[in-house]
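Each protein sequence line maps, in turn, to chains F and B. Going by our numbering, the first residue of the first sequence is number 7, and it counts up by one from there. Going by our numbering, the first residue of the second sequence is number 7, and it counts up by one from there. All residues carry an ideal CB built from backbone N, CA and C; glycine is no exception. Here the structure is laid out as structure tokens; the discussion comes afterwards.
Number of protein chains: 2
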Amino acid sequence: MKRIAILGSTGSIGRSTLSVVESFPERFQVVTLAAGRNVDLAFEQAQRWRPQIVSVAAESQAESLKVRLRSAGVAGVEVVHGAAGNVRVATHRDVDFVVSAIVGVAGLEATYEAVRAGKSIGLANKECLVAAGELITAEARRQGKPLLPIDSEHNAIHQCLRGGRMEEVRRIWLTASGGPFLNTPKSKFADITVEQALNHPTWKMGNRITIDSATLMNKGFEVIEACRLFNLPPEQVGVIVHPQSTIHSLVEFVDGSILAQLSVTDMRLPILYALTYPDRIASDLNFSLNDLRHLDFSPPDVEKFPCLRLAYEAAKSGGGKTVALNAADEVAVAAFLEGSIRFEEIPVLIESVVSETPVGKLESIKEVLAADQNARASAREKAAGFNRALGHKVPAAVGVEQN
Amino acid sequence: MKRIAILGSTGSIGRSTLSVVESFPERFQVVTLAAGRNVDLAFEQAQRWRPQIVSVAAESQAESLKVRLRSAGVAGVEVVHGAAGNVRVATHRDVDFVVSAIVGVAGLEATYEAVRAGKSIGLANKECLVAAGELITAEARRQGKPLLPIDSEHNAIHQCLRGGRMEEVRRIWLTASGGPFLNTPKSKFADITVEQALNHPTWKMGNRITIDSATLMNKGFEVIEACRLFNLPPEQVGVIVHPQSTIHSLVEFVDGSILAQLSVTDMRLPILYALTYPDRIASDLNFSLNDLRHLDFSPPDVEKFPCLRLAYEAAKSGGGKTVALNAADEVAVAAFLEGSIRFEEIPVLIESVVSETPVGKLESIKEVLAADQNARASAREKAAGFNRALGHKVPAAVGVEQN
Numbered sequence: 007m008k009r010i011a012i013l014g015s016t017g018s019i020g021r022s023t024l025s026v027v028e029s030f031p032e033r034f035q036v037v038t039l040a041a042g043r044n045v046d047l048a049f050e051q052a053q054r055w056r057p058q059i060v061s062v063a064a065e066s067q068a069e070s071l072k073v074r075l076r077s078a079g080v081a082g083v084e085v086v087h088g089a090a091g092n093v094r095v096a097t098h099r100d101v102d103f104v105v106s107a108i109v110g111v112a113g114l115e116a117t118y119e120a121v122r123a124g125k126s127i128g129l130a131n132k133e134c135l136v137a138a139g140e141l142i143t144a145e146a147r148r149q150g151k152p153l154l155p156i157d158s159e160h161n162a163i164h165q166c167l168r169g170g171r172m173e174e175v176r177r178i179w180l181t182a183s184g185g186p187f188l189n190t191p192k193s194k195f196a197d198i199t200v201e202q203a204l205n206h207p208t209w210k211m212g213n214r215i216t217i218d219s220a221t222l223m224n225k226g227f228e229v230i231e232a233c234r235l236f237n238l239p240p241e242q243v244g245v246i247v248h249p250q251s252t253i254h255s256l257v258e259f260v261d262g263s264i265l266a267q268l269s270v271t272d273m274r275l276p277i278l279y280a281l282t283y284p285d286r287i288a289s290d291l292n293f294s295l296n297d298l299r300h301l302d303f304s305p306p307d308v309e310k311f312p313c314l315r316l317a318y319e320a321a322k323s324g325g326g327k328t329v330a331l332n333a334a335d336e337v338a339v340a341a342f343l344e345g346s347i348r349f350e351e352i353p354v355l356i357e358s359v360v361s362e363t364p365v366g367k368l369e370s371i372k373e374v375l376a377a378d379q380n381a382r383a384s385a386r387e388k389a390a391g392f393n394r395a396l397g398h399k400v401p402a403a404v405g406v407e408q409n
Numbered sequence: 007m008k009r010i011a012i013l014g015s016t017g018s019i020g021r022s023t024l025s026v027v028e029s030f031p032e033r034f035q036v037v038t039l040a041a042g043r044n045v046d047l048a049f050e051q052a053q054r055w056r057p058q059i060v061s062v063a064a065e066s067q068a069e070s071l072k073v074r075l076r077s078a079g080v081a082g083v084e085v086v087h088g089a090a091g092n093v094r095v096a097t098h099r100d101v102d103f104v105v106s107a108i109v110g111v112a113g114l115e116a117t118y119e120a121v122r123a124g125k126s127i128g129l130a131n132k133e134c135l136v137a138a139g140e141l142i143t144a145e146a147r148r149q150g151k152p153l154l155p156i157d158s159e160h161n162a163i164h165q166c167l168r169g170g171r172m173e174e175v176r177r178i179w180l181t182a183s184g185g186p187f188l189n190t191p192k193s194k195f196a197d198i199t200v201e202q203a204l205n206h207p208t209w210k211m212g213n214r215i216t217i218d219s220a221t222l223m224n225k226g227f228e229v230i231e232a233c234r235l236f237n238l239p240p241e242q243v244g245v246i247v248h249p250q251s252t253i254h255s256l257v258e259f260v261d262g263s264i265l266a267q268l269s270v271t272d273m274r275l276p277i278l279y280a281l282t283y284p285d286r287i288a289s290d291l292n293f294s295l296n297d298l299r300h301l302d303f304s305p306p307d308v309e310k311f312p313c314l315r316l317a318y319e320a321a322k323s324g325g326g327k328t329v330a331l332n333a334a335d336e337v338a339v340a341a342f343l344e345g346s347i348r349f350e351e352i353p354v355l356i357e358s359v360v361s362e363t364p365v366g367k368l369e370s371i372k373e374v375l376a377a378d379q380n381a382r383a384s385a386r387e388k389a390a391g392f393n394r395a396l397g398h399k400v401p402a403a404v405g406v407e408q409n
């Protein structure tokens with residue numbers, strides 16, 4: 007019986023994790039949940055799973071949840087809140103395995119404390135590796151506990167790496183769907199609207215990650231995550247565009263053999279893999295090879311998608327640069343969604359923030375969070391500048407050509 | 007330093023093996039060679055590699071080779087011949103690893119004796135698994151020594167299987183190029199000529215294996231090999247048509263993950279893998295993922311290619327049936343190449359022989375060879391009957407429609 011904490015239980019990964027737990031009640035037990043802001047769902051989950059602790063975002067939400075649980079006759083569930091509440095969820099002594107799926111830097115501290123407490127981690131929070139990857143992976147190595155990736159690409163890499171030893175790896179290859187603008191010429195990028203950018207061809211996701219997929223910054227973040235997770239320099243991490251997203255990633259070994267992982271695009275699969283590793287257990291998540299027809303591939307166009315280049319550069323520098331990349335991207339995407347900057351200005355804004363950020367090795371989660379705040383403030387200021395410039399110089403119907 | 011015997015050193019796999027040895031002189035040493043009928047090349051190989059023993063097919067060839075080596079001043083190479091010579095090559099006490107690459111049943115005895123002598127085996131001889139697979143794999147298990155497949159499909163499976171345990175495998179999938187008649191309608195099969203059948207789209211190979219690829223019998227043999235090698239029932243071995251032959255095979259695990267192996271189509275890669283397993287060493291056999299564009303897949307058409315069905319049936323029965331399948335196929339292919347039977351009569355002839363063969367478990371290589379002789383005699387007799395029928399009833403320009 008594996009005893010599980012879920013950080014981010016009301017989000018997409020959290021709900022998929024509970025669905026996996028539900029399918030295998032003899033194998034997994036929910037011990038604690040960090041639910042965030044969705045108190046209605048937190049109430050349902052507490053009632054259904056009877057965890058020892060539930061954490062919500064704010065004190066007022068904790069009070070409201072306590073009242074609801076009491077009137078529903080649910081006893082024995084302790085309700086806590088905020089960052090300290092998340093840490094209690096992550097480090098509870100009865101927990102073996104922590105699913106880290108809080109979105110954004112809010113998930114950093116609790117995940118780091120879980121690693122420090124010697125828990126095995128299933129990692130779905132991007133910032134844990136992009137912003138604090140050096141810290142968290144170093145601590146996991148010290149603890150001798152696995153960091154198992156819960157996203158389709160890195161999970162695929164983890165599986166393919168079983169075909170050899172780390173020193174036998176020549177390169178790992180992340181597949182990218184290519185996003186909605188894969189076949190849009192660069193000359194049309196000035197006209198890209200928010201609606202177009204939010205229209206991802208294969209995945210239905212949150213707004214930020216959808217825009218990050220359209221700029222390929224999401225793939226850039228994954229390059230950084232891969233470098234941290236597998237302890238490889240950026241030169242050993244390649245990207246290949248594969249619109250069907252059937253092959254989730256590949257590992258090329260020094261002898262010339264390449265292993266690839268294919269499956270349905272269902273997050274329950276990497277979650278199940280992480281929860282059961284080193285075993286595999288039977289699921290109904292079947293991919294029918296008899297129905298497979300065509301797979302397409304092409305190299306990514308870094309000229310068209312400069313975010314990918316920015317990510318490689320930040321991965322090389324490490325430290326504060328990757329923190330700034332993530333923070334500036336979040337601000338830039340928000341500014342684009344608000345209509346303050348154009349699509350092709352997203353990388354311009356990010357590059358401007360990152361270039362002014364010192365590399366500086368960050369020694370603690372506190373330093374990471376401070377660097378994150380600084381980069382956000384700088385990005386917001388710059389975004390406001392873009393906004394003014396845009397408003398004055400560029401009529402919406404005309405567009406800016408930048409190359 | 008791995009000390010190697012090569013059974014079939016003058017054939018394609020043998021020469022590729024020597025090319026691999028040449029690239030890594032610090033890792034591999036040639037101890038013995040079984041060269042067969044090509045005395046000129048046997049002489050060159052003996053001169054270049056200075057093995058302790060060279061075996062050739064006939065006594066007269068051995069005498070001629072001795073004379074040539076003596077006059078070239080090559081000392082210390084013992085020359086032997088025939089089946090007993092092959093066994094000496096395979097079981098030499100200084101040999102660690104035997105590459106089994108003699109074509110046909112001629113390779114059976116020496117390979118079996120190598121397994122019995124506790125050697126590790128790199129297996130390229132099809133008959134070792136199709137005709138004598140139950141015997142040879144049982145003996146290898148008893149010896150606790152690996153049988154490493156040297157062909158692209160089973161080698162790919164071996165690599166993908168590293169991603170989990172055998173009991174976690176739901177199915178293995180062999181890829182098939184589909185042969186030259188993949189897109190030829192069944193109604194045109196009556197008109198297929200020898201020239202068309204020998205025109206394989208992707209591989210340049212010997213005549214028999216080229217025809218076996220055109221009928222899909224080659225894939226059928228590989229299904230049987232896979233069953234024996236990986237100890238799986240035929241229901242757990244699937245075939246998928248993949249004309250580019252870039253993915254060499256796949257393994258589907260019970261959780262729904264599928265691992266696939268990709269590489270260049272160069273036999274040196276599986277040879278290198280087998281010689282270095284469980285390690286991998288750097289080679290220049292690179293597959294450029296940046297140049298990858300399209301991969302196509304489809305299920306095989308068993309109606310059009312009944313040989314595949316015959317192989318599955320023989321795999322289920324085992325024993326004498328797979329011996330007869332192989333023997334009858336060799337005779338049927340020869341009859342087709344001579345113009346005695348039509349392309350679509352190949353499976354008809356084979357099925358007729360196999361259906362009359364008792365299943366009977368074969369307890370020794372001697373019994374396997376006797377069953378092989380019986381099946382060949384039966385197939386030759388039947389082929390002669392077909393020949394007469396053809397000559398009388400079917401004008402070459404008209405064709406026989408059989409469905």
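- Inter-residue distance for B:Lys388 and B:Pro57 is about 45 Å (C-alpha atoms, whole angstroms).
- The distance from the Cβ of F:Leu295 to that of B:Gly244 is about 7 Å, consistent with a contact at the 8 Å cut-off.
- At a C-beta separation below 8 Å, B:Arg348 has no neighbours in chain F, since its nearest C-beta there lies roughly 30 Å away.
- Within a 10 Å sphere around the beta-carbon of B:His300 sit fewer than 16 other beta-carbons, which makes this residue exposed.
- Judged by beta-carbon spacing, B:Leu75 lies within the 8 Å limit of B:Phe49, meaning their Cβ atoms are closer than that value.
- Annotation for F:Ala280: Gly128, Leu154, Ile156 place their beta carbon closer than 6 Å to its own, counting only its chain and skipping 5 residues before and after.
- For F:Asp218, there is no enclosing beta strand (DSSP E); the enclosing alpha helix (DSSP H) covers residues 213–221.
- Contact between B:Ile59 and B:Val86 is confirmed by a C-beta separation of about 6 Å, below the 8 Å threshold.
- If you look at F:Pro312, you'll find it in the alpha helix (DSSP H) that goes 312–323.
- At a cut-off of 8 Å, the C-beta of B:Ser289 has a neighbouring C-beta in chain F.
- For the stretch 277–304 of chain F, the residues whose beta carbon sits under 8 Å from a beta carbon of chain B are, in order, Leu278, Tyr279, Thr282, Asp285, Arg286, Ile287, Ala288, Ser289, Asp290, Leu291, Asn292, Phe293, Leu295, Asn296, Leu298, Arg299, His300, Leu301, Asp302, Phe303, Ser304.
- B:Asp157 has a beta carbon lying at 8 Å or more from every beta carbon in chain F.
- Here B:Gln53 is not near B:Ala41, since their CB atoms are 8 Å or more apart.
- Contact annotation, F:Val37 with F:Val111: C-beta distance approximately 25 Å; criterion of less than 8 Å not satisfied.
- The C-beta distance from B:Gly139 to B:Glu231 rounds to 7 Å, short enough to fall under 8 Å.
- Among the residues facing chain B, F:Leu265 is included, as its CB has a counterpart in that chain under 8 Å away.
- Judged by beta-carbon spacing, F:Leu368 lies within the 8 Å limit of F:Leu141, meaning their Cβ atoms are closer than that value.
- Assignment of B:Leu188 by DSSP, reduced to helix, strand and coil, places it in the coil class.
- Around the beta carbon of B:Gly82, fewer than 16 other beta carbons sit within 10 angstroms, so the residue counts as exposed.
- By alpha-carbon distance to B:Gly262, the top candidate from F:Asp335, F:Gly324, F:Arg274, F:Ile246 is F:Arg274.
- Setting aside the 5 residues that flank it on each side, F:Ala116 is surrounded in the same chain by Leu13, Asn92, Val93, Ala96, each with a C-beta closer than 6 Å to its C-beta; the list follows chain order.
- Counting only the Cα atoms, F:Leu256 lies some 12 Å from B:Ser269.
- Sequence-ordered contacts of the stretch 159–170 of chain F with chain B read Gln165, Cys166, Arg168, Gly169, Gly170 [C-beta pairs closer than 7 Å].
- Cβ contact annotation for F:Gly366 (same chain, cutoff 6 Å, sequence separation greater than five): Gly325, Gly326, in chain order.
- Per the coordinates, the alpha-carbon of B:Ser106 lies some 11 Å from the alpha-carbon of B:Val121.
- Where F:Asp302 is concerned, the enclosing beta strand (DSSP E) starts and stops at 300–302.
- Taking 4 residues as the shortest admissible run, the stretch 105–176 of chain F contains the following complete alpha helix (DSSP H) segments, listed from N- to C-terminal end: 114–122, 133–136, 139–149, 158–166.
- Closer than 9 Å at the C-beta level to chain F, one finds these residues of the stretch 219–245 of chain B: Gly244.
- In the DSSP annotation of this structure, B:Ser370 is not part of any beta strand (DSSP E), being labelled neither H nor E.
- Contact annotation: F:Ala320 and F:Thr328 have beta-carbon atoms nearer than 8 Å.
- DSSP places F:Gln53 in the uninterrupted alpha helix (DSSP H) bounded by 45–55.
- When the beta-carbon positions are compared, F:Glu351 and F:Phe311 stay at least 8 Å from each other.
- Bridge pairing for F:Val36: F:Ile10 [DSSP].
- Note on F:Lys225: 16 or more other CB atoms within 10 angstroms of its CB, so buried under the neighbour-count rule.
- When beta bridges are read from the DSSP output, F:Ser384 appears opposite no residue.
- For the pair of segments examined, the stretch 163–174 of chain B was found to touch the stretch 157–173 of chain F: the number of CB pairs separated by less than 8 Å reaches three.
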